[in-house]
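Quick notes on the structure that follows.
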Amino acid sequence: MSKTNKKNDKKNLMNNYRIESLEPRFMMDASVDYETFTNAEHFQTEITEQLQNFETADLSNLGLNGAQVEASALFNGIATDVVQKFNTLQNQIASQLNDPDAGLSGIVRQDGEIVSVDKATLLSVLANMDISGLDISMDGDLVDVSYAYAALGNLPQMSLDTLDMAVAANDSLSIGATVNIQYNLLDNGTAVTNPGASVTVRDLFAHIGNVGGMARFMNLNVLEIADSGNSPMDVHLGFDENNPSVDLDLEFQLAANNGFPFEFNNTTDSIKVGLDDNDEIYVELPELKLASGFDDFSMTHIIEGIDFTQVPFISNPKFKVRHHQHVWKHLGSLAR
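Residue numbers -6 to 329, in the numbering used here, belong to the letters of the sequence shown in order.
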């Protein structure tokens, strides 16, 4: 072989080596496909589809005839809200990545746009995010972003008409849910990791803290008051994919009732209305005493005068009197 050919071969080997010098780039932490990571638009479709899987809450046992509350209707704003919140997150991430004073490395741009970010750089930026309603946690290659959704909804107005409560009665539901977005930044052996994202909607609830309003109860004027017991909510709906739950915890105090011969033993006592373990309405009456000015009365006459159709939320309830439970048809025997 001539000396000239040997020199050419040597040059070719050096050139080949220079081409292969790019290889160490793949030995570092994989970069993250930025466009995929910042795409939140598909969240809306996934959340909407998941809401369809939650069972409808049936409030008919509360006297709300035909009141079917569907999660997809009650939480119809959650998908849009999540997309907006995550767009805010992505805008803040982009702001930090594009800040020339931040001194960040591992950012690849094409035509001025970010196309990939070194995983370590992206994780450091995420660790500094502080957005109201978002909780960001990291465990190795997994990034969890949890969003606490909160809004207001309403019970069906048609059903509220059956309560015979004043117009001022509160029908406004505080609703909430948690949306989890999980990214997997695991290096799958390629130069750029496509993080993907899994979306989960959970812990859906709706409640009324205080129903309030005037009502007619056993021909008495009563006022629904704020709960002083263990439960802070008057009406609570819990949505589950298999078993939605309904809870009720109302307390009524006597309002002006001229001519009624009884009053509560203690002025702080109240009539309690709730649901038992079988989801049946029960009413717990406090101890009564004869009101001043009434020396003679007929208990039978009082019971016969009760207009039970005016009891809010209640249909065929059970009563507790002197710590013993009775159904309505048996209460008359207590007057004898």
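The beta carbon of each residue, even a glycine, is placed where N, CA and C say it ideally should be. Since the model is a prediction, treat every value here as computed from it, not as a measurement.
Quiz item: Going by Cα to Cα distance, which pick from 129, 262, 67, 267 is closest to residue 279?
Solution: Residue 279 has its Cα closest to that of 262, out of 129, 262, 67, 267.
Quiz item: Considering only residues of the same chain and omitting the five flanking positions on each side of residue 232, which have a CB-CB separation below 6 Å?
Solution: Within the same chain, residue 232 has close Cβ partners 47, 64, 197.
Quiz item: When we look at the beta-carbon of residue 35 and count the other beta-carbons within 10 Å, is it buried (16 or more) or exposed?
Solution: Residue 35 should be labelled exposed.
Quiz item: Among 283, 238, 281, 282, which one has its Cα closest to the Cα of residue 271?
Solution: Checked all of 283, 238, 281, 282; the closest Cα to residue 271 is 238.
Practice problem: Note down the Cα distance separating residue 333 from residue 66, rounded to an integer number of angstroms. | Solution: The question about residue 333 has no answer, for the chain in this structure spans -6 to 329.
Exercise. Quick one: using the 10 Å Cβ neighbour count with 16 as the cut-off for buried, is residue 43 buried or exposed?
Key: That one is buried.
Quiz item: Beta-carbon separation of residue 174 and residue 204 under 7 Å?
Solution: One thing to note: residue 174 has its Cβ no nearer than 7 Å to the Cβ of residue 204.
Quiz item: Apart from the five residues on each side of it in sequence, which residues of its chain come closer than 7 Å, Cβ to Cβ, to residue 133?
Solution: Excluding residues within five positions, none has a Cβ falling inside 7 Å.
Quiz item: If we ignore side chains and look at the alpha-carbon of each, how far apart do residue 328 and residue 255 end up?
Solution: The predicted position of residue 328 is uncertain, since its pLDDT is 40 and thus under 50; a value taken from the coordinates is nonetheless stated next. Here the alpha carbon of residue 328 sits roughly 14 Å from the alpha carbon of residue 255.
Quiz item: For residue 171, which residues does DSSP report across the bridge?
Solution: DSSP links residue 171 through a beta bridge to 141, 195.
Quiz item: What are the boundary residues of the alpha helix (DSSP H) that includes residue 76?
Solution: Annotation: the continuous alpha helix (DSSP H) that includes residue 76 extends over 71 to 90.
Quiz item: Quick one: is residue 73 buried, meaning 16 or more other Cβ sit within 10 Å of its Cβ, or exposed?
Solution: The residue is exposed, with fewer than 16 neighbouring Cβ atoms inside 10 Å.
Quiz item: Can you tell me whether residue 24 is buried or exposed, with buried defined as 16 or more other CB within 10 angstroms of its CB?
Solution: Classification for residue 24: buried.
Self-check item: Alpha-carbon to alpha-carbon, residue 185 and residue 20
Solution: Low confidence applies here, because residue 20 scores a pLDDT of 37, under 50, leaving its location unreliable; read the following figure in that light. Spanning the two alpha carbons is a distance of roughly 12 Å.
Quiz item: Buried or exposed: where does residue 92 fall if 16 or more other Cβ atoms within 10 Å of its Cβ makes it buried?
Solution: Around the beta carbon of residue 92, a 10 Å sphere encloses fewer than 16 other beta carbons of the protein chains shown; the residue is thus reported as exposed.
Exercise. Would you kindly work out how many angstroms separate the C-alpha atoms of residue 52 and residue 218, rounded to a whole number?
Key: Cα-Cα distance, rounded: 21 Å.
Quiz item: Buried or exposed: which applies to residue 112, given that a residue is buried once 16 or more other Cβ atoms fall within 10 Å of its Cβ?
Solution: Around the beta carbon of residue 112, a 10 Å sphere encloses 16 or more other beta carbons of the protein chains shown; the residue is thus reported as buried.
Quiz item: Within 10 angstroms of its Cβ, does residue 18 collect 16 or more other Cβ (buried), or is it exposed?
Solution: Here residue 18 scores only 39 on pLDDT, less than 50, and its place in the model should not be relied on; the value that follows carries that caveat. Under this definition residue 18 is an exposed residue.
Quiz item: Closest by CA to residue 70, which one among 110, 230, 41?
Solution: Residue 41 holds the alpha-carbon nearest to the alpha-carbon of residue 70 among 110, 230, 41.
Quiz item: How is the alpha helix (DSSP H) around residue 37 delimited, first residue to last?
Solution: Here the alpha helix (DSSP H) through residue 37 covers 34 to 44.
Self-check item: Per DSSP, the bridge partner or partners of residue 127
Solution: As a beta-bridge residue in DSSP terms, residue 127 pairs with 140.
Exercise. Within the same chain, show all residues whose beta-carbon is closer than 6 Å to that of residue 79, passing over the 5 residues directly before and after it, in chain order.
Key: Shown here for residue 79: same chain residues with a beta carbon closer than 6 Å to its own, the five before and five after excluded, namely 33 in chain order.
Quiz item: Leaving out five residues before and five after residue 214 in sequence, what residues of the same chain have Cβ atoms less than 7 Å from its Cβ?
Solution: Same-chain partners within the cutoff: 207, 248, 249, 250.
Quiz prompt | Proximity of residue 27 and residue 118 at Cβ, strictly below 7 Å | solution = Taking 7 Å as the Cβ cut-off, residue 27 and residue 118 do not qualify as a contacting pair.
Quiz item: Excluding the five sequence neighbours on either side, which residues of its own chain have a C-beta within less than 8 Å of the C-beta of residue 122, listed in chain order?
Solution: Correct list, in chain order: 82, 85, 86, 129.
Quiz item: Mind checking whether the beta-carbon of residue 199 lies closer than 6 Å to any heavy atom of the ligand MN?
Solution: Questions concerning the ligand MN fall outside what the structure shown contains, since it holds no ligand whatsoever.
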